[in-house]
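Trainee: So the sequence shown is numbered by the working numbering: it starts at 164 and just counts up by one.
For glycine and all other residues, C-beta sits at the position ideal for the given N, C-alpha and C.
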Amino acid sequence: MSQITITAEKIHQMEVNYRRNLINDLPSFKSPHLIGTVNTKGITNLSIFNSIVHIGANPPLLGFILRPLTVERHTYENIKTCGYFTINSVTEQLMERAHACSGKYPKGVSEFIMTGIKPAYSKIQPAPYVEESPIQIALKIEEEQAIKSNDTRLIVGRIVEIRIEKEMLSPKGYIDVSKHKILTGRGLDQYFTVAKGKRLARITKDSCLLI
Ligand SMILES: Cc1cc2nc3c(=O)[nH]c(=O)nc-3n(C[C@H](O)[C@H](O)[C@H](O)COP(=O)(O)O)c2cc1C
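And the structure:
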């Protein structure tokens, strides 16, 4: 193996697209999701995000990183005014249409209509789900944290409803993502299907090799 060393100075001097590709690709796989929202006029919005993170299970919290507010951010505006959003898994079948949701459509133009992705609704909150997503999660905005280093924000939501295809959910609460060809991804333009993973036993005090 021959290694390349890239210094902070070299990173700073990189051509902008090269640096974006490299830094986006570094953290390996990140799964794309579609975030569904609605504005005060009832116009829906759907955008693709790959920075979804688990914050905690009790209370059940998920978060995502939002880019700086240097341009209109419809997902963010809608979450702030409506209070709810949905996070929907992306399947192989949805791939091209989901990717198209990264486009900058004018305010008032719904990505659901532009891409032909069908919304679905539940009685308990107003944000649209993606009907064909096998995992649909609704969240209520809980808090946002400013990340001072680059003006991004961590948006934290509390899960208020989960709708999931029955055959994916195991009796122990695990989810089998290989069942519906749910995608993971790299950077901003590469998508992969995943094979069934291997589950290892939890490391406890008794099984820990260091004790
Ligand atoms: C694969 C992929 C992942 C993305 N992930 C994020 C993300 O995590 N955070 C973000 O702010 N934008 C992300 N984007 C960009 C948004 O999809 C894009 O800015 C979109 O236009 C936002 O739409 P909105 O203004 O309707 O919210 C991603 C784009 C792609 C293609």
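Enumerate in chain order the residues of its own chain whose CB-to-CB distance from residue 306 is below 6 Å, with the five nearest sequence positions on each side excluded.
Mentor: The residues are 319.
Trainee: Hey, would you say residue 218 sits closer than 8 Å to residue 224, going by beta carbons?
Mentor: Yes, these two residues count as a Cβ contact at 8 Å.
Trainee: Answer yes or no: do residue 196 and residue 254 have a C-beta to C-beta separation smaller than 8 Å?
Mentor: Cβ atoms of residue 196 and residue 254: not closer than 8 Å.
Trainee: Under 8 Å Cβ to Cβ from residue 260, same chain only, skipping five residues before and after it: list those, please.
Mentor: Within the same chain, residue 260 has close Cβ partners 278, 279, 280.
Trainee: Could you tell me how far apart the beta carbons of residue 292 and residue 251 are, in whole angstroms, since I believe they sit closer than 8 Å?
Mentor: With 8 Å as the limit, residue 292 and residue 251 qualify as a contact, their Cβ atoms being about 6 Å apart.
Trainee: Could you check whether the Cβ of residue 195 sits closer than 7 Å to any heavy atom belonging to ligand 1?
Mentor: Answer for residue 195: yes, Cβ within range of ligand 1.
Trainee: Which residue's Cα is closest to the Cα of residue 209: 360, 302, 194, 248?
Mentor: Residue 248 is the option with its Cα nearest to residue 209.
Trainee: Could you give the first and the last residue of the continuous alpha helix (DSSP H) run that contains residue 173?
Mentor: Looking at the DSSP string, the run of the alpha helix (DSSP H) that includes residue 173 is 171-176.
Trainee: Give the single residue among 258, 282, 246, 234 whose Cα lies nearest to the Cα of residue 267.
Mentor: Ranking 258, 282, 246, 234 by Cα distance to residue 267 puts 234 first.
Trainee: Judging by CA-CA distance, which residue of 181, 308, 325 is the nearest neighbour of residue 239?
Mentor: The candidate whose alpha carbon is nearest that of residue 239 is 308.
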